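In our numbering, each residue's number is its place in the sequence shown (first place is 1) plus 247. Heads up, the beta-carbon is just placed ideally off N, CA and C, and yes, glycines get one too. Owing to the predicted nature of the structure, the values given are computational and were not obtained by experimental measurement. Data block below; observations after.
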Amino acid sequence: MKICQVERPLVATNRIPGLEHRHLQVVREGKSQLVAVDAVGCTPGDWVICVGSSAAREAAGHKDYPSDLTIVGIIDYWEEG
Numbered sequence: 248m249k250i251c252q253v254e255r256p257l258v259a260t261n262r263i264p265g266l267e268h269r270h271l272q273v274v275r276e277g278k279s280q281l282v283a284v285d286a287v288g289c290t291p292g293d294w295v296i297c298v299g300s301s302a303a304r305e306a307a308g309h310k311d312y313p314s315d316l317t318i319v320g321i322i323d324y325w326e327e328g
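This is the structure:
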């Protein structure tokens, strides 16, 4: 699991059918920017818990879902440091 901060939504109009209607978010982990599937409905500025690998696919809805990173929780309080 990773703790990341949501920076902004990512809009992708051309998608493979497997991505369905899921929202995508640009998240920051340290100095890296990553794209995550939003399974919980977060907003920019939120600190979130992300899972990767096979856990990301399961959390997004199915083991065949094409995701390497999925947001699974919103952190109520977090101080960066």
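- Pairing TRP294 with ASP311, the inter-Cα distance amounts to about 27 Å.
- For GLU327, there is no enclosing alpha helix (DSSP H), as DSSP marks it with neither H nor E.
- Nearest C-alpha to GLU276 among ALA259, VAL287, LEU316: LEU316.
- Non-local C-beta neighbours of GLY292 in its own chain, meaning closer than 8 Å and more than five positions away in sequence, comprise GLN252, VAL253, ordered along the chain.
- The Cβ-Cβ distance between ALA283 and ILE318 falls below 8 Å.
- If only uninterrupted beta strand (DSSP E) runs of at least 3 residues are considered, those enclosed by the segment 261-296 are 270-276, 279-285.
- With a 10 Å radius around the Cβ and a threshold of 16 neighbouring Cβ atoms, SER300 comes out exposed.
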